[in-house]
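In the UniProt record's numbering, the protein residues as written are 1 to 67.
Every residue, glycine too, gets a C-beta built ideally from N, C-alpha and C.
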């Protein structure tokens with residue numbers, strides 16, 4: 001008789017759908033940042049950020065998802 005395993009396995013399509021949906025959500029979230037970068041109150045609050053600061057803001061958004 002074979003031993004039963006306590007590990008649950010998932011099918012490849014299930015894992016693929018989960019990963020793709022997470023990627024879509026992150027992509028949509030990152031693309032919406034461009035709207036805020038041109039918003040006047042945002043520009044005033046950050047005192048007219050240069051391209052480096054804008055890049056850091058965009059890059060920190062997905063990085064925050066890991067915390």
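Review point. Which residues in the same chain as residue 26 place their Cβ atom closer than 6 Å to its Cβ, once the five residues preceding and following it in sequence are excluded?
Key: As a working note, residue 26 is residue 26 in the chain shown. These residues qualify, in order along the chain: 62.
Review point. With respect to the alpha helix (DSSP H) encompassing residue 49, which residues constitute its N-terminal and C-terminal limits?
Key: In the chain shown, the residue the question calls residue 49 occupies position 49. Neither: residue 49 is in no alpha helix (DSSP H) and is coded neither H nor E.
Practice item. Identify, in the order they occur along the chain, each residue of the same chain with its Cβ nearer than 8 Å to the Cβ of residue 15, setting aside the five sequence neighbours on each side. Key: As a working mapping, residue 15 is identified with position 15 in the chain shown. The answer is none, since no qualifying residue turns up.
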